[in-house]
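The next block holds one structure in the form of structure tokens; read it before the comments.
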Amino acid sequence: MVEIKQVKVDLLTSGKELGVLDNPTPKISWEVVGAEKHWFQGAYQIRIKLFNSEVTTFPVVKSEKSTFVAWPWEDKKLASKQQFGVSVRVASSEAEDQFSEWSDFFDFQVGILPIDAWEPKFIALKDQDANASETLFRKDFHSSGDIMSAKVYSTALGICEVEINGSKISTNYLAPGWTSYHNRLLHQVYDVSEFLTEGENAIGVRAAPGWYSGYLGFDGRCNLYGKTRAISLLLEIIYADGTIKKVITDDSWKSSSGPIVLAELYHGETYDARLEQDGWSSPSFKTNNWSAVDVVEFTGKSILPQSFPYIRHIDTVRPQEIFTTPSGKTIVDFGLNLVGFVRVKKTFAPESHTIVLRHAEVMEKGELGVRPLRIAKATDTYTFKGDPEGEEWTPRFTSHGFRYCEINNWYGELTKDSIELVVISTDMTPVGTFESSNTMVNQLHANVIRSIRGNFLGLPTDCPQRAERLGWTGDIALFSPTACFLFDCAPLLRNWLQDVSAEQKEHDGIPPLVVPDVGGYILSESEGCAVWGDVAVLVPEALYDEYADPHILEEQFQSMADWIRAIPKLENKVRWREVAIQFGDWLDPAAPPENPILALTDARFVADAFLFKVITVLIETTKILGKTEELEYYTSLAAKCKKDFADEYLAISGRCASDTQCAYALAICFNLYANKTQVEHAGKRLAEIVRKGNFKIGTGFAGTPYITKALAQTGYADFAYRLLLQTKCPSWLYAVTMGATTIWERWDSMVPDGTINPGEMTSFNHYAFGAVASWMHSTIGGLSKSEPGWKSFKVEPILGGGFTHAKVTHRSPYGLISVSWKLDGLNFLMEVTVPLNSSAEVVLPNGKKNQTGSGTWYFNCVLKEEDLVDTVIQAEKDDVTFRF
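Residues in the sequence shown are numbered consecutively from 1, following UniProt numbering.
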């Protein structure tokens, strides 16, 4: 018998601190599990229970649809702050009157929706100066009666933590996160029933500068959004008798300074335990020396619920090694390049003793390699109060990207039990895995996952360690399909796209190069840039492709269309005209370290290829949304663009004006050729370039996601495998041979002699080049979609590269898909799991095709030598060769 395993509402999972709804008529999805073969849904029924009311059961609907089902109340929207539960049951297409058991109710909540419904005031420390210390706020209140519900709704101009009766109410960090503050400020919702007591209570808030007024960008500027950090909070208690008590921020609150005397994302946190005020967030605390607060005006356009998971502590890592550098410094190696901070476990030191922790990703010449951090000090400092029972400390308002921590002035013996690394990230659910018989490739894939985790702190950033950490649009534009396969990141990316749209409107349809746009000072005069601006189209495409949720396209359509309109074009041509900057195939390995824009591929070629790509996405989008007039327009525009591109860049033979790996990869993958013969010639030429380059990668950001795909698509999967398995620099595995545990920004962020790349811009945690993981999933693992949303999919591993085993899994909207294959000599065996209510086409290496429904299936065949991809191709000196 089948059962409902999970219910989602607008892609949100039920659970504490996983985000709240910003939509009064959300879509409902569910996952059906069971052992039935070829099971398809024939009917469903939904129940909804609003808080403190009866259950409403809706009529049976005969449908196979189990994702993004419309809100069943046609005449009733959810109210602001509404709590509700959803329950579902289903029936098979073969027995539509035989329903499963009702699922449990999965609970959700709506945030505070219209800004005029936001009751609490914004309060700030009176006569606040511009320093980067924390501010404490507090208020006492009385509670009496049986509590049915108690929720805190909070936000800040800065970042904050809330405490009730001496306890932190949430496990999240860096709330309310970073958005385009003047357009969209987020608020969080917390269930605090367990923290309240009968009688006297107290609520306290710590606040720090964060992104709002702290340092942001390359050049050490701060206060980009404002100088006054402030908090705003509502505590709403609903009692069993129906009465409601509200505690809101207003001029009755008190404020003071706290023990955190420096709280900066880039520079770190300085904590002086001697300044602690014991019991400050508990009732009956004396506030004689505390100040009144200022009520300040909020001038932003909206305060919206955070509709994606919070930033949380996701892992803890012990030190792997403690050693001394040539200069006598103590270094702790945590073994992995991660994002978070070091927690000092219970340790004694006398009063006023201070320890200093400096962080970096790599060592250079035996010492901490801090040059890539630019002006970021990445230094945490703790001053002891002298507690004889020992002291513990965890930073709150900073984060670092690091593997190594230099610890200065430790008191007593430093051991592996003295400290630990607290890893933080947006609490996205992992949904994709990959493993194979090649340990180096497995390490590469693990590095991709760590780079996603480290660069998704509330939004997709380029890097997590240096004085930058910005939402560069080009990185995620190219990487979003990979991210969506590996993590359930749609809620986070949907939120970020709303910032893209909002700031795009302020630039006449042109998305800023970084979002949020930090004060408009990064290339603010730009007329737009291909690939980076294309984020307005490519990320919505990736989200729709993964989830088949048309609401994503509906929300973003105007943004997508505005970008196509705003692209500066030549007169009478559908091609880019000359603009101030085109990043092109950014960080092509041939580019000089100090000038990464000087790629081998003409930046105009890259721009115009992506122009055709995004127009074709608009064609598909208008089909999905039923926009007939727009469909005709974009179809005509695409035809003109393709002709103009061919006239400018393509020979009749298929040769590209830019005779590079990137150029052919884009032309092949974007369908820019007129016929199959041209594609065949282009594939052959691409293979020749790759071979002459000794199977070393020759692409930057723009070409890397497509190079292995283009080779495999044109019959050169063997070359794609050689490219993947190359270990000489530049290559994916070169970094692995150098000990990398994340994806690097440059192919040679560390050069072969072990020193850091001489370029000013060097990061060791940048996910962009990890886009090759998508090819690993689809080609080595053999798993790819047949249609958006995984309703049907294809399993077709392409053997090669000496791989004798691979396994790939993905939790689709319908459930867990799993593909695992093994090659034993010429015997090929494969296990495939298909979720209920979906289907798969399975193609074996000998060409045999099988159509399957749900269930776990086993396939085997005996291969001939010619069925195997031979990777021995005119091996150059020092090349590694593989053969089955």
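Backbone N, C-alpha and C fix where the C-beta goes; we use that ideal spot for every residue, glycine too.
- Task: With distances taken Cα to Cα, identify the nearest neighbour of VAL55 among GLY386, ARG396 and PHE84.
- Result: Reading the sequence shown from its first residue, position 55 is the one you call residue 55. Of GLY386, ARG396 and PHE84, the residue nearest in Cα terms is PHE84.
message = My parser needs the beta strand (DSSP E) runs of 3 or more residues fully inside the UniProt domain "Alpha-L-rhamnosidase concanavalin-like" (324-424); what are they?
response = 330-347, 354-360, 379-383, 391-393 and 400-408
Point to revise | Beta carbon proximity, VAL20 to chain D, threshold 9 Å | key: No chain D appears in the structure shown, which is made up of a single protein chain.
The stretch 592-611 touching the stretch 756-764, judged by at least three CB pairs closer than 8 Å = yes
Notebook entry, point to check: Touching or not, the stretch 597-606 and the stretch 542-549, by the rule of three or more beta carbon pairs under 8 Å?
Noted result: no
Exposed or buried, which one is GLU866 when buried takes at least 16 other CB atoms within 10 Å?
-> For the purposes of this step, residue 866 is identified with residue 866 of the sequence shown, where counting begins at 1. GLU866 is exposed by the Cβ-count criterion.
Go ahead and label ASN837 buried or exposed: buried means 16 or more other beta carbons lie within 10 angstroms of its beta carbon, across all protein chains shown.
-> Counting from one through the sequence shown, the residue named residue 837 turns up at place 837. By the neighbour-count rule (16 or more Cβ atoms within 10 Å), ASN837 is buried.
* Asked: Roughly how many angstroms lie between the CA atoms of PRO259 and ILE355, to the nearest whole one?
  -> Indexing the sequence shown from 1 puts residue 259 at position 259. Indexing the sequence shown from 1 puts residue 355 at position 355. For PRO259 and ILE355, the distance between alpha carbons rounds to 15 Å.
- Put CYS484 into one of helix, strand or coil per three-state DSSP. Numbered from 1 along the sequence shown, position 484 holds the residue referred to as residue 484. Looking at CYS484 - three-state DSSP - the assignment turns out to be helix.
Check: Using CA coordinates, which residue listed in GLN726, GLU351, THR482 and GLN188 is at the minimum distance from ILE449?
Finding: Here residue 449 refers to the residue found at position 449 of the sequence shown. Minimum Cα distance to ILE449 is reached at THR482.
For the stretch 82-112, which segments carrying the alpha helix (DSSP H) assignment without a break, of at least 4 residues, lie completely within its bounds, in sequence order? none
(Q) Measuring straight from C-alpha to C-alpha, what distance separates GLU435 and HIS353? (A) Within the sequence shown, the letter at position 435 stands for residue 435. Within the sequence shown, the letter at position 353 stands for residue 353. Cα-Cα distance, rounded: 48 Å.
> Around the Cβ of HIS766, are there at least 16 other Cβ atoms within 10 angstroms (buried) or fewer (exposed)?
Replying inline: Taking the first residue of the sequence shown as position 1, residue 766 is located at position 766. Flag for HIS766 reads buried.
Do the stretch 112-125 and the stretch 215-232 meet, that is, are 3 or more Cβ pairs less than 8 Å apart?
yes
Open item on the list: Cutting at 8 Å between CB atoms, please list the residues of its own chain near LYS877, excluding the five before and the five after it.
Closed with: As a working note, residue 877 is residue 877 in the sequence shown. Interpretation of LYS877 is limited by its pLDDT of 33, a score under 50 that renders its predicted location unreliable; the figure taken from the coordinates is listed afterwards. Within the same chain, LYS877 has no close Cβ partners at all.
*asked:* Tell me the DSSP secondary structure of CYS160 in three-state form.
replied: For the purposes of this step, residue 160 is taken as residue 160 along the sequence shown, with counting starting at 1. In the structure shown, CYS160 sits in a strand (DSSP, three-state: E or B).
Could you give the first and the last residue of the continuous beta strand (DSSP E) run that contains PHE141? Your numbering for residue 141 matches position 141 in the sequence shown. First-last of the beta strand (DSSP E) with PHE141: 135-143.
Within 10 angstroms of its Cβ, does GLU163 collect 16 or more other Cβ (buried), or is it exposed?
The residue given as residue 163 occupies position 163 in the sequence shown. Buried, because 16 or more other Cβ atoms sit within 10 Å of the Cβ of GLU163.
GLN98 classed as buried or exposed, judged by whether at least 16 other C-beta atoms fall within 10 angstroms: As a working mapping, residue 98 is identified with position 98 in the sequence shown. Label assigned to GLN98: exposed.
Q: Could you name the residues that DSSP lists as bridge partners for GLY855?
A: Numbered from 1 along the sequence shown, position 855 holds the residue referred to as residue 855. Note: GLY855 sits in a beta bridge opposite VAL834.
Exposed unless 16 or more other CB atoms sit within 10 angstroms - verdict on LYS8 = Counting from 1 along the sequence shown, the entry for residue 8 is found at position 8. It counts as buried.
Local conformation of PRO24 per DSSP, three classes
For the purposes of this step, residue 24 is identified with residue 24 of the sequence shown, where counting begins at 1. Coil at PRO24, not helix or strand.
Do you know offhand how far ASP879's Cα is from HIS507's?
For the purposes of this step, residue 879 is taken as residue 879 along the sequence shown, with counting starting at 1. For the purposes of this step, residue 507 is taken as residue 507 along the sequence shown, with counting starting at 1. Confidence at ASP879 is low in this model, with a pLDDT of 33, below 50, so its placement is unreliable and the value that follows should be read with caution. Near 50 Å, if we compare the C-alpha coordinates of HIS507 and ASP879.
For this session: Identify every residue that forms a DSSP beta bridge with ILE46.
Result: For the purposes of this step, residue 46 is identified with residue 46 of the sequence shown, where counting begins at 1. Paired residues: VAL88.
Exercise for the section: Answer yes or no: do TRP343 and THR415 have a C-beta to C-beta separation smaller than 9 Å? Expected result: Position 343 of the sequence shown holds residue 343. Position 415 of the sequence shown holds residue 415. Here residue 343 is Arg; the residue named in the question, Trp, does not match the sequence. No, Cβ-Cβ distance for ARG343 and THR415 is not below 9 Å.
Open item on the list: Can you give me the C-alpha to C-alpha distance between GLY432 and GLN443, rounded to a whole angstrom?
Closed with: Taking the sequence shown and counting its residues from 1, one reaches residue 432 at position 432. Taking the sequence shown and counting its residues from 1, one reaches residue 443 at position 443. Straight-line Cα distance between these residues: approximately 15 Å.
So, with DSSP's three-state summary, where would you put GLN277? The residue you call residue 277 lines up with position 277 of the sequence shown. It is coil, neither helix nor strand.
Checklist entry - Measuring CA to CA, which of GLY199, GLU392, CYS405 and HIS400 is closest to ILE322? => result Counting from one through the sequence shown, the residue named residue 322 turns up at place 322. Residue CYS405 is the option with its Cα nearest to ILE322.
Q: Starting from HIS681, trace the alpha helix (DSSP H) both ways and give me its first and last residue.
A: By 1-based counting over the sequence shown, the position of residue 681 is 681. Start and end: 676-692.
Check your understanding: Count the other CB atoms within 10 Å of the CB of LEU799; is the residue buried (16 or more) or exposed (fewer)?
Key -> Against the sequence shown, residue 799 aligns to sequence position 799. When all chains shown are included, LEU799 counts as buried.
Exercise. Keeping to the same chain, check which residues put their C-beta closer than 7 Å to that of LYS642; ignore five residues upstream and five downstream.
Key: In the sequence shown, counting from the first residue as 1, residue 642 sits at position 642. Here the set comprises PHE612 and LEU672.
Taking 9 Å as the cut-off, decide whether the C-beta atoms of TYR310 and ALA175 are in contact. Translated into the one-based positions of the sequence shown, residue 310 becomes position 310. Translated into the one-based positions of the sequence shown, residue 175 becomes position 175. Closer than 9 Å, so yes.
Tell me the residue span of the alpha helix (DSSP H) that contains TRP744.
The count along the sequence shown starts at 1 and reaches residue 744 at position 744. That residue, TRP744, is in no alpha helix (DSSP H); it is neither H nor E in DSSP.
Just reading off the beta strand (DSSP E) that ALA202 is part of, what are its end residues?
For this step, residue 202 is matched to residue 202 along the sequence shown. Start and end: 199-208.
Handout entry: Contact set for GLU503: own chain, Cβ-Cβ below 8 Å, skip 5 residues either direction
Key = Residue numbering aside, residue 503 sits at position 503 when the sequence shown is read from its first letter. Answer for GLU503: SER180, ASN183, PRO511, PRO512, VAL515, PRO516 and ASP517, listed in chain order.
With DSSP run on the structure shown, which of helix, strand or coil describes TRP472? Here residue 472 refers to the residue found at position 472 when the sequence shown is read from its first residue. TRP472 falls in the strand class under three-state DSSP.
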